[in-house]
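Taking it in order: structure first as structure tokens, then the write-up.
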Amino acid sequence: MNEYLVLVVEDDKPIRNLITTTLKMNNYRYITADKGNEAIMLSASHKPDIIVLDLGLPDIDGIEVIEHIRTWSDVPIIVVSARSEDSDKITALDKGADDYLTKPFSVDELLARLRVIQRRLMKTDNTSETEFVNGLLRIDYVYGCVYLDSEELHLTPIEYKLICLLAKNVGKVLTHKFIIQNVWGSAVDNSDASLRVFMATLRKKLNDSQQALIQTHIGIGYRMMKL
Ligand code: CA
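Numbering (this note's numbering), first residue to last: 405 to 631.
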């Protein structure tokens with residue numbers, strides 16, 4: 405039995421029904437809202453484990469809903485957007501959303517995203533404050549060392565900062581802007597290109613050419629998967 409409570413925020417009834425039917429069939433509990441303000445009230449009163457949020461709502465924008473909820477809660481938020489423009493997704497992610505789905509999406513896609521978040525929520529790995537373990541990857545924060553299958557990797561300071569940032573946000577899509585601000589500070593020339601280069605060398609060292617560990621979201625950013 406799945407114990408997770410999902411708040412579904414969607415004003416389009418057929419899509420809302422598709423999502424709730426999928427959740428029901430997969431033993432999730434759910435509550436629904438068709439307006440942004442209602443979503444904010446429900447997330448405060450019912451404390452859902454996960455929120456699936458449409459960005460285009462009749463009263464306030466989904467982005468505003470994220471901003472509001474993030475003032476008190478880290479609840480994982482999956483944004484669902486009919487808008488194909490990447491800028492909306494990027495804004496949502498920058499405001500603190502965890503993941504996104506573009507309409508039309510398949511129910512399998514939705515379930516896969518929910519599983520990613522659940523794996524993160526479960527925290528069944530042996531991670532403690534001083535180290536991070538994910539599959540074959542281990543980061544020793546005390547000594548600043550990174551190991552892959554017990555072999556120490558020789559990372560540059562930037563690569564180390566990058567991997568620590570991805571690890572700290574494992575399961576979450578991080579935008580280019582967020583990564584650049586956190587690794588380099590704000591002002592960098594040609595920062596998107598530099599980030600790509602650093603990510604390519606980091607991936608090489610991590611033996612991750614298949615993107616099993618670090619996913620690329622083209623035009624948006626990167627995500628470390630929870631293995
Ligand atoms: Ca809508």
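C-beta atoms are modelled at their ideal positions from N, C-alpha and C, and glycine is treated no differently.
None of the values given here were measured: they were computed from a predicted structure.
{"Check": "Buried or exposed, going by whether 16 or more other CB atoms sit within 10 Å of the CB of M445?", "Outcome": "exposed"}
{"Check": "In this structure, how does DSSP classify S485 when only helix, strand and coil are distinguished?", "Outcome": "strand"}
{"Check": "Using 8 Å as the Cβ pair cut-off and three pairs as the minimum, do the segment 510 to 519 and the segment 548 to 563 touch?", "Outcome": "no"}
{"Check": "When you compare only the Cα positions, how much space is there between D612 and P462?", "Outcome": "43 Å"}
{"Check": "At the level of alpha carbons, what is the spacing between K451 and E414?", "Outcome": "18 Å"}
{"Check": "From L525 to K608, what does the alpha carbon distance come to, in whole angstroms?", "Outcome": "29 Å"}
{"Check": "Indicate whether the contact test is met: 3 or more Cβ pairs, each with one atom in the segment 482 to 489 and one in the segment 498 to 512, closer than 8 Å.", "Outcome": "yes"}
{"Check": "Just to confirm my understanding: we take W588, look at its own chain, exclude 5 residues before and 5 after, and list those with CB closer than 7 Å. What are they?", "Outcome": "S595"}
{"Check": "Can you name, in chain order, every residue of its own chain whose Cβ lies under 7 Å from the Cβ of I403, other than the five neighbours on each side?", "Outcome": "No statement about residue 403 is possible, as the shown extent of the chain runs from 405 to 631 and does not include it."}
{"Check": "What do you get for K630, buried or exposed, if any count of 16 or more other CB atoms within 10 angstroms of its CB means buried?", "Outcome": "buried"}
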